[in-house]
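Numbering (this note's numbering), first residue to last: -6 to 327.
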């Protein structure tokens, strides 16, 4: 590429989503990452695209809802353009309910979901049933929502990079920045503007539960990918010595997973993974004008919800960069 209209620094899911949205509109884009595609937290294992609970509605929850609704078409288009499998499935999710108070709260959320989810997804309280994949539930009841989805983070990020290239963009390890600059550099970039990084450890098991809903209990996500594996995670470590090593904290995650979901006990561990996720002070994504680089922009953050937010992030950043149309929620600004 001789010249670029947009240069994105960082080849994680946020940076590539911005580049992809801009390339779809005809912009010449360049993505630069010395570490390669999906080298940071976007190269993880879990991929839970789980919504915030449908209560105390705010702009962050509305933005995430719109993005989760967009996701199916977004990832289908990426796959059609590249022939790659992003591992996206609108799987739904099951959550056990511990006691009467939890049941009461879940039933109240079922009512607010009817309003806020606009009839495009449901949140229901259902009997536990006898299916093998159902999580044990002390109350005999579970929440089932149809908005949750799952994705294979590593495969999806690489597919997105291929989609950018298929649209004429460039993804490289080193190149001169040109045009408008967007910084999407993950947790190191977040630390530079006063945020931080939170380490997460996860595991990938050999267990075929393809087509089943994802499970959530004891703060753990159990994600049945469509390739015959199940991802389990993750920890949230504010203090850590080595960002990329796994340790006894992951052993604890596996033990809790076996207790909460006995169906996966005994499954072979195929991979242990650790990485650091970018977290802003507000926990919301940081989008728009960069707070310290004059004339530049930022798309970072999305702690734990990055893949779910990515389709909408790409859209609003492309609006801002290419059309000067600012539709970024106030709570997302640096």
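We put the beta carbon where it would ideally sit given N, CA and C, even for glycine. All figures in this text were calculated on a predicted structure; none of them were measured in a lab.
State the start and end residues of the unbroken beta strand (DSSP E) segment that holds residue i.
i	result
residue 292	290 to 293
residue 54	No beta strand (DSSP E) contains residue 54, which is instead part of the alpha helix (DSSP H) from 52 to 75.
residue 120	116 to 120
residue 163	163 to 165
residue 224	222 to 226
residue 282	279 to 282
Name the one or two DSSP bridge partners that residue i has.
i	result
residue 350	Residue 350 lies beyond the residue range present for the chain, which begins at -6 and ends at 327; the question has no answer from this structure.
residue 87	137 and 208
residue 329	Nothing about residue 329 can be reported from this structure: the residues present for the chain run from -6 to 327 only.
residue 194	267
residue 123	The partner list for residue 123 (beta bridge, DSSP) is empty, contrary to what the question assumes.
residue 49	In DSSP, residue 49 forms no bridge with anything.
residue 142	42
residue 97	DSSP lists no partner for residue 97.
residue 258	DSSP, once it has assigned bridges, lists no residue as partnering residue 258.
Please work out which residues of its chain come closer than 6 Å, Cβ to Cβ, to residue i, disregarding the five sequence neighbours upstream and downstream, and give them in chain order.
i	result
residue 325	277, 278 and 280
residue 83	65 and 142
residue 10	303, 306 and 307
Give me, in chain order, the residues of the same chain whose beta-carbon lies closer than 8 Å to that of residue i; leave out the 5 immediate sequence neighbours on both sides.
i	result
residue 27	166 and 167
residue 323	52
residue 224	38, 39, 40, 195, 196, 197, 198, 214, 215, 216 and 218
residue 251	257 and 258
residue 247	196, 225 and 262
Which residues bound the alpha helix (DSSP H) around residue i?
i	result
residue 17	6 to 17
residue 148	146 to 159
residue 309	299 to 316
residue 246	241 to 253
In chain order, what residues of the same chain have a beta carbon less than 7 Å from the beta carbon of residue i, not counting five sequence neighbours either side?
i	result
residue 91	131 and 132
residue 99	90, 118 and 136
residue 235	none
Measure the beta-carbon distance from residue i to residue j and round it to whole angstroms, keeping in mind my assumption that it falls under 8 Å.
i	j	result
residue 0	residue 174	5 Å
residue 307	residue 273	The pair is not a contact, with the Cβ atoms about 18 Å apart (cut-off 8 Å).
residue 80	residue 35	At roughly 13 Å, the Cβ-Cβ gap does not stay under 8 Å, so residue 80 and residue 35 are not in contact.
residue 402	residue 33	Outside the shown range of the chain (-6 to 327) lies residue 402, about which nothing can therefore be said.
residue 155	residue 75	4 Å
residue 176	residue 109	In fact, because the Cβ distance is near 32 Å, the residues do not count as touching under 8 Å.
Just checking: is the beta-carbon of residue i within a distance shorter than 8 Å of some beta-carbon in chain D?
i	result
residue 226	The structure shown contains no chain D; it holds only a single protein chain.
**Request:** Kindly confirm or deny that the stretch 184 to 200 and the stretch 248 to 267 touch, where touching means at least three C-beta pairs closer than 8 Å.
**Result:** Yes, the stretch 184 to 200 touches the stretch 248 to 267.
**Asked** Are three or more beta carbon pairs between the stretch 309 to 318 and the stretch 10 to 25 nearer than 8 Å?
**Response** The stretch 309 to 318 makes contact with the stretch 10 to 25, as at least three CB pairs between them are under 8 Å.
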